[in-house]
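Novice:
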Amino acid sequence: MTDLMSQLPQPIVERMGRMSGMAMRSIIALMDEQPDTYAALVERIGTWDDDPGRTPYPRSRYEFALQEALRIVGDAMTAISERSPLPNEPVAEGARDYVERFAPAQFRDEALAKLDAIPPGHEPVDFGGEGGEGVGPVDFVVATAVAGWLVSGAGGRMATQENIRLMLLRQARSAESTATGAPEREQINEVSDDAALALLADLYDEDYAGLIPPDPKRRGPWEWDMLAVLKTHLLETPAEATTDEQRQTLKEKLLTVLQAAAATQKPKPTVRPVGKRNQPKRKPRRKR
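What the sequence shown shows, in numbering that gives the first Met the number 0, is residues 0 to 287, in sequence order.
So, in structure tokens, the structure goes:
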């Protein structure tokens, strides 16, 4: 992919990077329930080509951003379907909820109508509409609403949402770095486990951070999610620049992860030893 991008004109590379980054951040905004951020991104995708000095773009302005959103939809659907086929009805209903709560008002009714037209059952669906020159903001809203619902758990069908958010943020930052032409050695798209654990120790203490096994193979989903929360923060904000308010927010997110983990723990049933039968103790008889 990098070799292909290097062969394209810089204006095209910049545009692809910006559109991909905004598509990923749009899905993150839906995951984080931030309608203002989401609306601003939907609008910005449509106005980016109007900035002074831009090379005229001959195709639909939303086409590439839509393709990137649909890529996330496809990956999520594939991951879910590997465990159990996902019918169209819950997908449409879940996306409908996201459109009703977060979509810009001017696109809401048309987006809902498109979701209502999705056939039931397991019939293949193109969540991007007809495609081509007819692609517009409504198609992007529908696709990102579907993606947002899927990556936010899909009604309990997907776990480790924090890891998914981290993955989306990595993709966004990588695309944005490509857009600016930053050399790979200068890009910061990864955060080490050690850096995340150091932040955890700073938030609490060394003993608390030691609860997460250093061996990745011994970590459970909730431990990966805790690290993902910390890494997501460090990708955007250096540890030394973290404010008290951000520290409190991180603690609240980590607590949410722990509460979710505790809710999934099932109590172990009491098992009696096989072959033994507990007999009631008999009182000794009184001597006459």
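Heads up, the beta-carbon is just placed ideally off N, CA and C, and yes, glycines get one too.
Here the structure is a predicted model, which means the values were calculated and not measured.
By the DSSP assignment, the alpha helix (DSSP H) with S25 in it spans what residues?
Specialist: Segment 9-30, the alpha helix (DSSP H) holding S25.
Novice: Going by Cα to Cα distance, which pick from G16, E235, A153 is closest to Y97?
Specialist: Nearest of G16, E235, A153 to Y97, Cα basis: A153.
Novice: Taking the Cβ atom as the reference point for each residue, do A110 and A102 lie within a distance shorter than 8 Å?
Specialist: Yes; because the gap between Cβ atoms is below 8 Å, this pair is in contact.
Novice: What's the gap between the Cα of L249 and the Cα of V190?
Specialist: Each residue's Cα considered, the two are about 16 Å apart.
Novice: What is the DSSP secondary structure of Q6, counted as helix, strand or coil?
Specialist: Q6: coil per DSSP, three-state reduction.
Novice: Answer yes or no: do V141 and M30 have a C-beta to C-beta separation smaller than 8 Å?
Specialist: For V141 and M30, no; Cβs fall outside 8 Å.
Novice: Return the chain-ordered list of same chain residues with a C-beta closer than 6 Å to the C-beta of G20, the five sequence neighbours on each side being excluded.
Specialist: Here the set comprises A171, A174, E175.
Novice: Ordered along the chain, which non-local residues of its own chain (more than five positions away) have a Cβ less than 6 Å from that of L196?
Specialist: A208.
Novice: Compute the distance between the beta-carbons of A178 and I26, then report whether it is under 8 Å.
Specialist: No.
Novice: Just the C-alpha distance for L199 and T236, rounded to the nearest angstrom, thanks.
Specialist: Looking at the two C-alpha atoms, the distance is approximately 14 Å.
Novice: With a 10 Å radius around its C-beta and 16 neighbouring C-beta atoms as the bar for buried, classify A94 as buried or exposed.
Specialist: Buried is the call here.
Novice: Taking one C-beta from the stretch 114-122 and one from the stretch 12-19 each time, how about it: are there three or more such pairs within less than 8 Å?
Specialist: They do not touch, by the three-pair rule.
Novice: Mapping the DSSP letters down to three states, classify S173 as helix, strand or coil.
Specialist: In this structure, S173 counts as helix in the three-state DSSP scheme.
Novice: Roughly how many angstroms lie between the CA atoms of P8 and A238, to the nearest whole one?
Specialist: Distance between the alpha carbons of P8 and A238 is about 37 Å.
Novice: Please name the residue, chosen from R218, K230, T36, that lies closest to R164 on a Cα-to-Cα basis.
Specialist: Ranking R218, K230, T36 by Cα distance to R164 puts K230 first.
Novice: Helix, strand or coil: how does DSSP classify N162 here?
Specialist: Reduced to three states, the DSSP call for N162 is helix.
Novice: Is it the case that the Cβ atoms of E62 and V134 are separated by a distance below 8 Å?
Specialist: Yes, the pair counts as a contact, with Cβ atoms nearer than the cut-off.
Novice: Apart from the five residues just before and just after G274, which ones in its own chain have a Cβ nearer than 7 Å to its Cβ?
Specialist: Summary for G274: the model assigns pLDDT 47, below 50, so the residue's position carries little reliability, and this model does not support an answer.
Novice: Does the beta-carbon of I211 have 16 or more other beta-carbons within 10 angstroms, so that it is buried, or is it exposed?
Specialist: Buried, since its Cβ has 16 or more Cβ neighbours within 10 Å.
Novice: How many angstroms separate the CA atom of E42 from the CA atom of W223?
Specialist: Straight-line Cα distance between these residues: approximately 34 Å.
Novice: How many Å lie between R246 and A261 at the Cα?
Specialist: One C-alpha to the other measures close to 23 Å.
Novice: Go to Q66, then tell me how far its alpha helix (DSSP H) extends in each direction, as first and last residue.
Specialist: From DSSP, the alpha helix (DSSP H) with Q66 extends over 62-80.
Novice: Just the Cα atoms here: how many angstroms apart are R169 and E88?
Specialist: Whole-angstrom Cα-Cα distance: 31 Å.
Novice: Pull up the distance between the alpha-carbon of I79 and that of G120, whole angstroms please.
Specialist: Going from the Cα of I79 to the Cα of G120 covers about 16 Å.
Novice: Hey, could you find the ends of the alpha helix (DSSP H) I44 is sitting in?
Specialist: Residues 34-46.
Novice: Give a yes or no on whether the C-beta atoms belonging to A22 and A64 are separated by under 8 Å.
Specialist: Yes.
Novice: Under 8 Å, do L69 and F106 count as touching if we go by C-beta distance?
Specialist: In this structure, F106 does not lie closer than 8 Å to L69 by Cβ.
Novice: I'd like the list of long-range same chain contacts for W221, defined as Cβ closer than 6 Å, with 5 residues on each side in sequence excluded.
Specialist: Taken in chain order, the residues that qualify are V256, A260.
Novice: Give me, in chain order, the residues of the same chain whose beta-carbon lies closer than 7 Å to that of T159; leave out the 5 immediate sequence neighbours on both sides.
Specialist: The residues are P220, W223, D224.
Novice: With a cut-off of 8 Å on the beta carbons, I'd call F139 and I44 a contact; round off their distance for me.
Specialist: 7 Å between Cβ atoms; contact.
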